[in-house]
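Structure first, commentary second.
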Ligand code: X6L
Ligand code: MG
Ligand code: MG
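In my numbering, the protein residues as written are 280 to 442.
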């Protein structure tokens, strides 16, 4: 079993329901065991800023799946929840990004691990730091990176409970 971390985000429709449904579907994937779920955060959009605010969280799993199998499983959950791929970086019902897969480093164009923008994204680092503060990413701990991100545009939503 390999530990892995998935970053989930939604900024269309009933965002909390999409996240809850996504976690439920991830639990049904053969070879995937969900071990922890971070709090939910409301976050300002990054990349394409003129779109609705996101809800983001991070899920810790243990998996028997190979990285490409896990990627396919995540894309299956995105598709099941109505993900359309039109506008690059645009609004989405559900996005699932593979953040880390064990200590694997991969530079393949289909799947780069750890996630290429992980170290700069407060909307991923802040939830990830609640589950894996000591995890090393590119020579720094997630806790250090989360602090360096100044939690910009990230607000915890304790009223939304998922899992
Ligand atoms: C320059 C060029 C600066 C590109 C930033 C940032 C591109 C983020 C893509 C960028 C750039 C992204 C989420 C989001 C997106 C999310 C929040 C992306 C992909 N996904 N903002 N923006 N949460 N808060 O899940 O991450 S689009
Ligand atoms: Mg993403
Ligand atoms: Mg994605």
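No residue lacks a Cβ here, since even glycine has one placed at the ideal position from N, Cα and C.
- Under DSSP, residue 419 forms a beta bridge with 416.
- Its chain contains 295, 298, 299, 302, 316, 319 and 336 as the residues whose beta carbon lies nearer than 8 Å to that of residue 441, once the 5 sequence neighbours on both sides are disregarded; these appear in chain order.
- Residue pairing by DSSP places residue 376 opposite 286 in a beta bridge.
- Residue 424 is positioned such that its CB atom lies no closer than 8 Å to that of residue 410.
- Counting other Cβ atoms within 10 Å of its Cβ, residue 374 reaches 16 or more and is therefore classed as buried.
- When DSSP states are grouped into helix, strand and coil, residue 389 belongs to the coil group.
- Boundaries of the alpha helix (DSSP H) around residue 403: 401 to 410.
- The criterion of a C-beta distance shorter than 8 Å is not satisfied by residue 281 and residue 413.
- Cβ neighbours of residue 368 within its own chain (closer than 7 Å, five residues either side excluded): 326 and 327.
- Close CB contacts of residue 359 within its chain, under the 7 Å cut and outside five residues either way in sequence, are with 304 (chain order).
- In this structure, residue 376 has its beta carbon less than 7 Å from a heavy atom of ligand 3.
- In this structure, ligand 1 has no non-hydrogen atom nearer than 7 Å to the beta-carbon of residue 406.
- By a beta-carbon distance limit of 8 Å, residue 361 contacts residue 372. Their separation comes to about 5 Å.
- The closest heavy atom of ligand 1 lies 7 Å or more from the beta carbon of residue 420.
- Contact between residue 312 and residue 357 is absent: CB atoms are separated by about 20 Å, not below the 8 Å threshold.
- Distances between the C-beta of residue 324 and the heavy atoms of ligand 1 include at least one below 7 Å.
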